[in-house]
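Undergrad: Chains as they are written, first to last, in the working numbering: chain R, 513 to 617; chain F, 513 to 617.
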DNA sequence: TTATTTTATGTCAATGTTGACATTTTAACA
DNA sequence: TGTTAAAATGTCAACATTGACATAAAATAA
């Protein structure tokens, strides 16, 4: 394939992908998953530390007890947005969130 | 457990939303917004640093150019999940993400 | 034990978010 | 000037996430 043709296809939005792309994406997905898990455990830790029940935390953030349970259970229906909102609502300080983001526990 | 009991439990001590709740929620919302804005600017910064066009970044994360544009424009339809995925895909290191979370720039 | 609280699990209609696409606007050039 | 790549904006059907609810299971108290 000529160079110009490749460029044309690429700029038209075509994926001229290879196995490397696939592996890289997996790696990035793994990073996101690790991040979520870290934040999830931070939520539970923060909630327990403040002696909040799931219902109380749910009320603070205007969610529901079952959502909190799903957050802590790592349910696939839970978004990163909700996890972070729970973390903030649970009283976690910026430093706690930072720590979770760097994987520290 | 019976139906009536659960309802009583769910609404126990929680009927009148007071001003404090409102202010606290606002504060938490503000914190989340600030977090998003910080991450958004980190995405753009990281993308530019790596000399990636919006199309290229979109391809890396299997999204679309318009989505990247909306991320960087702070479009309300963009989730925290997508922002973080873009940040990771753009090549940002864990330290960069951490920095974004602490508001550093 | 029994009673009460807390947490887990499943469902679903309403709402939110997505990639893809078309089109326009801006930027960077020759 | 005109050409071209990059970025911005609007739309929408498909898919994802939500709070609310019912109920079960587990933990805790009495």
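Built from N, CA and C at the ideal position, the CB exists for glycine as well.
I need the straight-line Cα distance from residue 577 of chain R to residue 557 of chain R, nearest angstrom please.
TA: On the first chain, position 65 is the one that residue 577 of chain R refers to. On the first chain, position 45 is the one that residue 557 of chain R refers to. One C-alpha to the other measures close to 16 Å.
Undergrad: Taking the alpha carbon of residue 560 of chain R as the reference point, which residue from R/543, R/604 and R/609 has its own alpha carbon closest?
TA: To locate residue 560 of chain R, count along the first chain from 1; it is residue 48. When only C-alpha atoms are compared, the closest one is R/604.
Undergrad: What would DSSP say about residue 585 of chain F, mapped onto helix, strand or coil?
TA: For the purposes of this step, residue 585 of chain F is taken as the residue at position 73 of the second chain. Reduced to three states, the DSSP call for residue 585 of chain F is helix.
Undergrad: Examine the ligand COA and report whether any of its heavy atoms sits within less than 8 Å of the Cβ of residue 595 of chain F.
TA: Ligands displayed in this structure: none; no statement on the ligand COA is therefore possible.
Undergrad: Among R/608, R/562, R/612 and R/600, which has the Cα closest to the Cα of residue 540 of chain F?
TA: Within the second chain, numbered from 1, the residue matching residue 540 of chain F stands at position 28. Answer by Cα proximity: R/600.
Undergrad: So, with DSSP's three-state summary, where would you put residue 557 of chain R?
TA: Within the first chain, the letter at position 45 stands for residue 557 of chain R. The answer is helix: DSSP assigns residue 557 of chain R an H, G or I state.
Undergrad: Counting only beta-carbon separations shorter than 9 Å, does residue 561 of chain R have a partner in chain F?
TA: Counting from 1 along the first chain, the entry for residue 561 of chain R is found at position 49. No, residue 561 of chain R does not count as interfacial toward chain F.
Undergrad: Here's a check: name, in chain order, each residue in its chain whose Cβ is nearer than 8 Å to the Cβ of residue 572 of chain R, leaving out the five neighbours to either side.
TA: Numbered from its first residue, the first chain carries residue 572 of chain R at position 60. For residue 572 of chain R, where only same-chain residues beyond five positions count, the Cβ hits under 8 Å are 564, 601 and 602.
Undergrad: So which of F/543, F/549 and F/536 has the shortest CA-CA distance to residue 586 of chain F?
TA: For this step, residue 586 of chain F is matched to residue 74 along the second chain. Selected option, being the one with the closest Cα: F/549.
Undergrad: Quick check: is the beta carbon of residue 566 of chain F nearer than 9 Å to any beta carbon in chain R?
TA: As a first step, residue 566 of chain F is located in the second chain; it is residue number 54 there, counting from the start. Chain R, which has no Cβ nearer than 9 Å to the Cβ of residue 566 of chain F, makes this no.
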